[in-house]
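> Using numbering that gives the first Met the number 0, the letters of the sequence shown correspond one by one to residues 0 to 159.
Here a beta-carbon is modelled for each residue, glycine too, at the ideal position from N, C-alpha and C.
Following this message is one structure expressed as structure tokens.
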Amino acid sequence: MIQRVQTLYLFLVVILSAVMFFTPIGGFYNKTTLEVYDLTFMGVFLQDNMQTVENNPSVMPVWGLSILTAVIPVIALISIFLYRKRVLQARFNVFNILLMVGYYALLFFYIWIGKQKLHADESFLCIPSSFPLISIILSALAIRGILRDEALVRSLDRLR
């Protein structure tokens with residue numbers, strides 16, 4: 000299990016997805032009021048160094064991003080332990096890639112809605128917003144390794 004390179008790819012997907020829990024994904028900036036809003040997986044919050052998230056109510060909830068941010072690393076972790084069922088493991092990774100593409104669709108939808116709702120002049124993305132793209136690439140590499148292992152096992156079955 001650990002000696003397979005696709006396990007390392009999937010573990011990196013888990014780590015990158017877990018980092019997204021603790022960092023802002025993007026934000027909004029209003030030039031007239033000089034307010035900056037952070038977009039996190041829990042919602043859109045007014046950025047203020049003196050207040051914590053518990054004391055700062057969410058301006059806009061983002062439930063879809065919250066669910067996908069929680070589900071993506073869980074599916075990757077489950078996929079790591081399906082090393083004996085390689086076809087099922089590859090299907091889990093394809094499903095996870097589809098969820099990450101859906102994550103980007105929801106992210107851009109929430110940015111579009113948030114820009115209108117907050118009357119923001121600018122919206123921006125932070126570095127952690129690129130983590131799902133990196134995770135898509137890592138998952139595709141993992142699928143390639145899984146299918147290569149499956150082809151090797153099938154070729155050895157033919158020799159018997």
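Here's the rule: buried if 16 or more other CB atoms are within 10 angstroms of the residue's CB, otherwise exposed. What is L33?
Exposed: under 16 other Cβ atoms inside 10 Å.
> If you run the structure through DSSP and keep just helix, strand and coil, what is V43?
If DSSP states are grouped into helix, strand and coil, V43 belongs with the strands.
> Please name the residue in M59, S138 and A150 whose C-alpha comes closest to that of R8.
Looking at the sequence provided, one finds Tyr at residue 8 rather than Arg. Answer by Cα proximity: S138.
> Checking the sheet assignment: what are the DSSP bridge partners for S122?
DSSP output for S122 lists F27 as bridge partner(s).
> Going by beta-carbon coordinates alone, are T22 and P131 separated by less than 7 Å?
No, the pair does not count as a contact, with Cβ atoms beyond the cut-off.
> Taking 8 Å as the threshold, find out whether the region 108-121 comes into contact with the region 25-32 through three or more Cβ pairs.
As far as the Cβ criterion goes, the region 108-121 touches the region 25-32, which means the pair count is three or higher.
> Apart from the five residues on each side of it in sequence, which residues of its chain come closer than 7 Å, Cβ to Cβ, to L87?
Excluding residues within five positions, the ones whose Cβ falls inside 7 Å are L81.
> Can you find the residues in the same chain that come closer than 8 Å, C-beta to C-beta, to C125, ignoring five residues on each side of it along the sequence?
Here the set comprises T22, P23, I24, G25 and G26.
> What are the complete beta strand (DSSP E) segments, minimum 3 residues, inside the region 85-141?
If we require 3 residues or more, the beta strand (DSSP E) runs fully inside the region 85-141 come out as 121-124.
> Can you find the residues in the same chain that come closer than 7 Å, C-beta to C-beta, to I133, ignoring five residues on each side of it along the sequence?
Contacts found: L15.
> With a threshold of 16 other CB atoms inside 10 Å of the CB of A141, please say whether the residue is buried or exposed.
Label assigned to A141: buried.
> Using 8 Å for Cβ pairs, my map puts M19 next to T68. What's the rounded Cβ distance?
Indeed, because the Cβ distance is near 6 Å, the residues count as touching under 8 Å.
> Is it buried or exposed, I96, if we count other Cβ atoms within 10 angstroms and call 16 or more buried?
I96 comes out buried.
> According to DSSP, simplified to helix, strand and coil, what is Y82?
Reduced to three states, the DSSP call for Y82 is coil.
> Between which two residues does the alpha helix (DSSP H) holding F20 run?
Neither: F20 is in no alpha helix (DSSP H) and is coded neither H nor E.
> Less than 8 Å between C-beta atoms, sequence neighbours within five positions excluded: which residues of the same chain meet that for V122?
For the sequence presented, residue 122 should be read as Ser rather than Val. So the qualifying residues of the chain are G25, G26, F27, Y28, I110, G113 and K114.
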